[in-house]
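In this note's numbering, the protein residues as written are 1 to 405.
Glycine residues also receive a C-beta, built at the ideal position from the N, C-alpha and C atoms.
As the structure is a computational prediction, the values presented were derived from the model and not from experiment.
Working notes, beginning with the structure itself.
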């Protein structure tokens, strides 16, 4: 379909946080009078959203890191965390627009050793992409860090407005077509080198937070449990997270305990670079989530995507009414406030809940929640193999909770 068909606003909505599927954005969440999803009503969606919005107040900091190398560059990292301080009005910058939220800026971190999650955004996106997910995890006692990746094209940055233009939109569109058809497909081996800055920045972000954990002068001193670290990635970011989780030995880290792939690449070719099956090198629990309306992926009821290539523990789930874009916030903002992305969007509440319950099991040693093994309204658990290796070796972090959650 030609670029001109969409226009500048439509292209920006389509391409932000987008990698594999070129499908139509669904626009505003379609809800039934009772708060469920039309065509896939979710009973108790309001109760789920209310539960996800409970917890600690959310602190927020932005830090600048610097990558040193043949091509040095600075980049921002957004950090959400639980705090006891009062939240105040704040606005995320999303492209040329803004979104209201309430955060406690530069506030102290709640005492205790909190699990750490690094979020990897998709193509053309930014660290704030899935702010609703990051805020939810922070309420539940997690520290979430999300870097702005040094992609050559982007439509949003953490704290800098990015103006819209036809030229920028076309460049972004061309970048995404290239990723889909070449860089993460027919030229996957080349892509591992060309986009190496992404897994490298992910590692740098982790190293920064772990160093802060050991620094007496840092607000994060003794606030991170280094035995409870996970990665979450969306789209291009899912590719990034899986490499760091073990799919590529050049970037793999031994301190990762779980990984979540949200609407990531579904072709096998992208994970057949180091060997016949790069995902077989991932030895930690992995969750794959996809949207039921991702048209290009063309999922059918029997599709297992990359599930068969991965080791147990693993789960493959579909958010039945979700598109590729429901896993991120979108540009321009879809709702008035960040909380609305959970309270008024059953699809995002469902995917956020799956992430949270998965991390609770494999970072905090909580019993497996039934939502991870059995389908529920609006969520299809296509396949799961979780219990058999749940307690083996480094599949799960050991020791009691230290954060009081």
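Check: Suppose contacts are defined by Cβ-Cβ distances below 8 Å. Is residue 229 in contact with residue 244 by that definition?; Outcome: no
Check: Note down the Cα distance separating residue 250 from residue 274, rounded to an integer number of angstroms.; Outcome: 10 Å
Check: What residue ranges within the stretch 200 to 262 form continuous alpha helix (DSSP H) runs of no fewer than 4 residues, ordered along the chain?; Outcome: 236 to 242
Check: Since I believe residue 289 is in contact with residue 481 (beta carbons under 8 Å), could you give me their beta-carbon distance rounded to a whole number of angstroms?; Outcome: Since the first residue of the chain shown is 1 and the last is 405, residue 481 is not available in this structure.
Check: Taking just the CA atoms, how far does residue 100 sit from residue 90?; Outcome: 6 Å
Check: Residue 76: which of 202, 294 and 276 sits nearest, CA to CA?; Outcome: 202
Check: When the Cβ atoms of the stretch 98 to 115 are set against those of the stretch 217 to 235, are three or more pairs found closer than 8 Å?; Outcome: yes
Check: Give the straight-line distance between the Cα atoms of residue 212 and residue 382, rounded to the nearest whole angstrom.; Outcome: 40 Å
Check: Within its chain, find whatever has a CB closer than 8 Å to the CB of residue 223; leave out the 5 residues flanking it on each side and keep chain order.; Outcome: 81, 109, 110, 111, 112, 113, 114, 143 and 213
Check: Is the beta carbon of residue 384 less than 8 Å from the beta carbon of residue 315?; Outcome: yes
Check: Which one or two residues does DSSP pair with residue 294 in a beta bridge?; Outcome: Beta-bridge pairing links residue 294 to no other residue.
Check: Since residue 351 sits in a beta bridge, which residues does DSSP pair it with?; Outcome: Answer by DSSP bridge pairing: none, since residue 351 is not bridged.
Check: Please tell me whether residue 180 has its Cβ less than 8 Å away from any Cβ of chain C.; Outcome: Of the protein chains in the structure, only one exists, and it is not chain C.
Check: Residue range of the alpha helix (DSSP H) that residue 340 falls in?; Outcome: 340 to 343
Check: Mind checking residue 327: buried by the 16 CB within 10 Å criterion, or exposed?; Outcome: buried
Check: To which residues of the same chain is residue 49 closer than 7 Å at the C-beta, ignoring the five residues directly before and after it?; Outcome: 342, 343 and 349
Check: In the structure shown, what three-state DSSP assignment does residue 324 receive?; Outcome: helix
Check: With DSSP as the reference, identify every bridge partner of residue 383, one or two as the case may be.; Outcome: 316
Check: Report, in whole angstroms, the separation of the C-beta atoms of residue 278 and residue 247, which I expect to be a contact under 8 Å.; Outcome: 4 Å
Check: Would the beta-carbon of residue 333 fall within 8 Å of that of residue 52?; Outcome: no
Check: What number of angstroms, rounded off, separates the C-alpha of residue 156 from the C-alpha of residue 126?; Outcome: 6 Å
Check: Assuming residue 136 contacts residue 356 (C-beta within less than 8 Å), just tell me the rounded distance between them.; Outcome: 7 Å
Check: Please go through the same chain and pick out, in chain order, the residues whose beta-carbon is closer than 7 Å to the beta-carbon of residue 405, but skip the five residues on each side of it.; Outcome: 140 and 141
Check: Per DSSP, which one or two residues make a beta bridge with residue 154?; Outcome: 124
Check: When we look at the beta-carbon of residue 352 and count the other beta-carbons within 10 Å, is it buried (16 or more) or exposed?; Outcome: buried
Check: Answer yes or no: do residue 380 and residue 318 have a C-beta to C-beta separation smaller than 8 Å?; Outcome: yes
Check: When the Cα atoms are used, what is the spatial distance from residue 261 to residue 153?; Outcome: 22 Å
Check: Taking the alpha-carbon positions, what's the residue 373 to residue 162 distance?; Outcome: 41 Å
Check: Would you report the Cα separation of residue 235 and residue 180, rounded to the nearest angstrom?; Outcome: 11 Å
Check: Could you give the distance in angstroms between the alpha-carbon of residue 267 and the alpha-carbon of residue 65?; Outcome: 33 Å
Check: With distances taken Cα to Cα, identify the nearest neighbour of residue 146 among 171, 345, 63 and 215.; Outcome: 63
Check: If I measure Cβ to Cβ from residue 60 and keep anything under 6 Å in the same chain, skipping five residues before and after, which residues do I get?; Outcome: 80, 103 and 105
Check: Note down, in chain order, each residue of its chain lying with its Cβ closer than 7 Å to the Cβ of residue 218, except the 5 sequence neighbours on either side.; Outcome: 212
Check: If you draw a straight line from the C-alpha of residue 188 to the C-alpha of residue 239, how long is it?; Outcome: 11 Å
Check: Specify, as a first and last residue, the run of the beta strand (DSSP E) that residue 146 falls within.; Outcome: 143 to 147
Check: Could you say which of 74, 166 and 192 lies nearest to residue 158 if we only look at CA atoms?; Outcome: 74
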